[in-house]
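For reference, the structure is listed below as C-alpha cells.
Numbering (full-length UniProt numbering), first residue to last: 1 to 126.
Here it is as C-alpha cells:
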C-alpha cells in the first residue's frame, strides 16, 4: 500500500484505492484457493478409505444375499429363492433410495425459513 501524499489529487487517490481493492480481491481469491486445496488434500485419503470400506461392505452384502439364496434353495427351489431374495432386497433398496432422495431434495429447494434468513442477511449486508 502506497503512502498518501497530501499533494495527490483525487484521481490519484481513487486509482490507488482501485489498485488496493484489486490486490485485496486477488489475495482473498488466493486464500480461498489455498484453503480449498488444503481441504481437498485432507479429504483425499478419507475418500479412498471410504471407497474401500464401501466396496468391502458391498462384497459382504453380496455374500449375505448369496447365502440366503443358498439357504432357501432346498426349501423353495433355487429359482424361486433367487426371485424372493431379489424382490425383498429390491423393495428395501427402493425404500432406502426414496428416503435418501427426499432428504437430499430438501437441500436443493431450501425451506421458507432458510430463504427468509438469507434475505435478512442480504438486507443487513446492504
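Beta carbons are placed, not taken as given, at the ideal position from N, Cα and C, and that holds for glycine.
Would you tell me roughly how many angstroms separate the C-alpha atoms of residue i and residue j, rounded to the nearest one?
i          : j          : result
residue 97 : residue 73 : 28 Å
residue 43 : residue 32 : 16 Å
residue 34 : residue 46 : 19 Å
residue 52 : residue 89 : 22 Å
residue 60 : residue 93 : 16 Å
residue 20 : residue 27 : 10 Å
residue 50 : residue 95 : 23 Å
residue 36 : residue 23 : 20 Å
residue 40 : residue 48 : 12 Å
residue 11 : residue 25 : 21 Å
residue 15 : residue 7  : 15 Å
residue 62 : residue 56 : 10 Å
residue 71 : residue 58 : 20 Å
Using a Cβ-Cβ cutoff of less than 8 Å, which residues in the same chain neighbour residue i once the five nearest sequence positions on both sides are dropped?
i          : result
residue 78 : 69
In the DSSP assignment, find the alpha helix (DSSP H) that holds residue i and state where it starts and stops.
i          : result
residue 67 : 10-76
Going by C-alpha distance, which of the options is nearest residue i?
i          : options       : result
residue 67 : 22, 57 and 81 : 81
residue 87 : 65, 58 and 99 : 65
Cutting at 6 Å between CB atoms, please list the residues of its own chain near residue i, excluding the five before and the five after it.
i           : result
residue 103 : none
Legend entry - alpha helix (DSSP H) segments (min. 4 residues) lying fully within the stretch 76-110: 78-109
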